[in-house]
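Colleague: Quick one: structure below, then a few questions.
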Amino acid sequence: MWYLDTDQEISIEEDLQSPSTNLFRKTADIDLPAKLADGSRRGVCLFGTVPPRSIMTMDKVQQYAEKLAGTIKKLRPDGVIVYEIQEEEGRDGNERPFAFSTTHPPRLFAKMLNELAHVESIVYRTVAYHAKDNFDQWLNETWDEYNAKALVLVGGSTSNMQYPGYNVTEAAEVLRDHPYNFVAGGIVLPERHRDKQDEHERLFQKTESGISFFTSQVVYNVDVAIWLLRDYDELCKERGVKPARLIFTFAPFGRADTCTFLKWLGVEIPLGTEKRVLSRKTREAAINESVDICKENLKRILYAIEFYHISVPIGITVETVSKYSDEFNGSLKLFKVLQQEMASFFSRKLRSS
Numbered sequence: 001m002w003y004l005d006t007d008q009e010i011s012i013e014e015d016l017q018s019p020s021t022n023l024f025r026k027t028a029d030i031d032l033p034a035k036l037a038d039g040s041r042r043g044v045c046l047f048g049t050v051p052p053r054s055i056m057t058m059d060k061v062q063q064y065a066e067k068l069a070g071t072i073k074k075l076r077p078d079g080v081i082v083y084e085i086q087e088e089e090g091r092d093g094n095e096r097p098f099a100f101s102t103t104h105p106p107r108l109f110a111k112m113l114n115e116l117a118h119v120e121s122i123v124y125r126t127v128a129y130h131a132k133d134n135f136d137q138w139l140n141e142t143w144d145e146y147n148a149k150a151l152v153l154v155g156g157s158t159s160n161m162q163y164p165g166y167n168v169t170e171a172a173e174v175l176r177d178h179p180y181n182f183v184a185g186g187i188v189l190p191e192r193h194r195d196k197q198d199e200h201e202r203l204f205q206k207t208e209s210g211i212s213f214f215t216s217q218v219v220y221n222v223d224v225a226i227w228l229l230r231d232y233d234e235l236c237k238e239r240g241v242k243p244a245r246l247i248f249t250f251a252p253f254g255r256a257d258t259c260t261f262l263k264w265l266g267v268e269i270p271l272g273t274e275k276r277v278l279s280r281k282t283r284e285a286a287i288n289e290s291v292d293i294c295k296e297n298l299k300r301i302l303y304a305i306e307f308y309h310i311s312v313p314i315g316i317t318v319e320t321v322s323k324y325s326d327e328f329n330g331s332l333k334l335f336k337v338l339q340q341e342m343a344s345f346f347s348r349k350l351r352s353s
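For the sequence shown, this note's numbering assigns the number 353 to the last residue and increments by one with no breaks.
Below, the structure is given as structure tokens:
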């Protein structure tokens, strides 16, 4: 992830404001953890962000949080994901495209957004990188002091390294036995399903350990995402188990270096998609092209759900992986576009049921 500088403008166009009638408003009285764990097929729409860099003073962090909170109020997501990032030096053999920088704690930034924007948050925790002995204390503090009740548990970036902390299954079991009723999430990698054809089994095993929802890596290869969705659905039906919610992540780009960073993160961007975006004549046109592609990909996922009678509950997250304000603003546009697609789809399903 990258970081938007606090002196850059965060804006949202007037025509992107949420409509006065929110089609998800019928579930507004349900808190975010309950929505995530809900086995019904209602959609969930989230916005993802990264805490400011740790070199920023708290005054600057407060200013940035206030700007972002104003934007979040206009987006009206079901919740906000606050990521925790690591250097991930073992990710692959390629050098990191941009220098790593530590951030302020995700749970702190989540609390600020909660208080400023009145929105609930999902806090990422890279459990593999943190000592096991501190996990219980961290959980108690996160619930009591930061009012965060939904977590995404993240493991190590590679199987070739030893980590000081828990793996995801171990951490989920700790949460399941914890006195506080956290809702635990995990990560799903559709591309890994294509390579190993067992990601649906991984999801099933993690679901049994207490994981209630999964967030995906950024989706640009929608075929493997649909393949995984179908296989997971069939496995859950075969074994008579309620599936966890799968939340598909989308992010726009309009620059070659942003595309390179996405690929370094492990996102598979088909060559045709890359050329379609980067061949646009202007930066704005390139970003808009990626927004259109993400919309097409979500529509294909929604069509597959209907066509194959898939029972897995889903959601979407839109995040920005860019330090550039135009790509950040592209993520705001993308969120509204995908939010409307989700609202139309589930409204139609509700009328036909």
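Every residue gets a Cβ at the ideal spot worked out from N, C-alpha and C, and that includes glycine.
I'd like to know if the region 48-68 and the region 98-109 are in contact, where contact means that at least 3 CB-CB pairs between them fall below 8 Å.
Modeller: These segments touch.
Colleague: Thinking C-beta only, is residue 85 closer than 8 Å to residue 185?
Modeller: Here residue 185 refers to the residue found at position 185 when the sequence shown is read from its first residue. Here residue 85 refers to the residue found at position 85 when the sequence shown is read from its first residue. Against a cut-off of 8 Å, the Cβ pair of residue 85 and residue 185 comes out as no contact.
Colleague: Which residues bound the alpha helix (DSSP H) around residue 300?
Modeller: As a working note, residue 300 is residue 300 in the sequence shown. Looking at the DSSP string, the run of the alpha helix (DSSP H) that includes residue 300 is 283-307.
Colleague: Less than 8 Å between the CB atoms is what I'm expecting for residue 277 and residue 253, so what's the real figure, rounded?
Modeller: The residue labelled residue 277 in the question sits at position 277 within the sequence shown. The residue labelled residue 253 in the question sits at position 253 within the sequence shown. Their Cβ separation, rounded to whole angstroms, is 7 Å, which keeps residue 277 and residue 253 in contact under 8 Å.
Colleague: Going straight from the alpha carbon of residue 273 to that of residue 117, what length do you get?
Modeller: The count along the sequence shown starts at 1 and reaches residue 273 at position 273. The count along the sequence shown starts at 1 and reaches residue 117 at position 117. The straight-line gap from Cα to Cα measures roughly 35 Å.
Colleague: Identify every run of the alpha helix (DSSP H) within the region 125-185, keeping only runs that are complete inside it and at least 4 residues long; order them along the chain.
Modeller: Taking only runs of at least 4 residues, the alpha helix (DSSP H) segments lying wholly in the region 125-185 are 135-144 and 168-177.
Colleague: In terms of DSSP beta bridges, what is residue 45 paired with?
Modeller: If you number the sequence shown from 1, residue 45 lands on position 45. Partner(s): 316.
Colleague: Let me know if residue 271 comes out buried or exposed under the rule of 16 or more other beta-carbons within 10 Å of its beta-carbon.
Modeller: Counting from one through the sequence shown, the residue named residue 271 turns up at place 271. Residue 271 comes out exposed.
Colleague: Can you give the beta carbon distance from residue 216 to residue 188, rounded, assuming they're within the 8 Å contact cut?
Modeller: Numbered from 1 along the sequence shown, position 216 holds the residue referred to as residue 216. Numbered from 1 along the sequence shown, position 188 holds the residue referred to as residue 188. The Cβ separation is near 5 Å, so the contact holds.
Colleague: DSSP puts residue 79 in a beta bridge; with which residues?
Modeller: Position 79 of the sequence shown, counted from the start, is the residue given in the question as residue 79. 46, per the DSSP bridge assignment.
Colleague: According to DSSP, is residue 187 part of a helix, a strand, or is it coil?
Modeller: Here residue 187 corresponds to residue number 187 of the sequence shown, with the count starting at 1. Looking at residue 187 - three-state DSSP - the assignment turns out to be strand.
Colleague: Start and end of the alpha helix (DSSP H) containing residue 197?
Modeller: Here residue 197 refers to the residue found at position 197 when the sequence shown is read from its first residue. Element bounds for residue 197: n/a, residue is neither H nor E.
Colleague: Please tell me whether residue 64 and residue 110 are closer than 8 Å, where the distance is taken between their beta carbons.
Modeller: Taking the first residue of the sequence shown as 1, we reach residue 64 at position 64. Taking the first residue of the sequence shown as 1, we reach residue 110 at position 110. No.
Colleague: Considering Cα atoms alone, identify which of 292, 138, 255 and 304 is closest to residue 281.
Modeller: For the purposes of this step, residue 281 is taken as the residue at position 281 of the sequence shown. Residue 281 has its Cα closest to that of 255, out of 292, 138, 255 and 304.
Colleague: In whole angstroms, give me the CA-to-CA distance for residue 81 and residue 44.
Modeller: The residue given as residue 81 occupies position 81 in the sequence shown. The residue given as residue 44 occupies position 44 in the sequence shown. Approximately 12 Å between the Cα atoms of the pair.
Colleague: Report the residue ranges of all alpha helix (DSSP H) runs contained in full by the region 218-247; include only those spanning at least 4 residues, in chain order.
Modeller: Every unbroken stretch of the alpha helix (DSSP H) spanning 4 or more residues and falling wholly within the region 218-247 is given here in chain order: 222-239.
Colleague: I'd like the list of long-range same chain contacts for residue 167, defined as Cβ closer than 7 Å, with 5 residues on each side in sequence excluded.
Modeller: Along the sequence shown, one-based indexing puts residue 167 at 167. Hits under 7 Å: 128 and 155.
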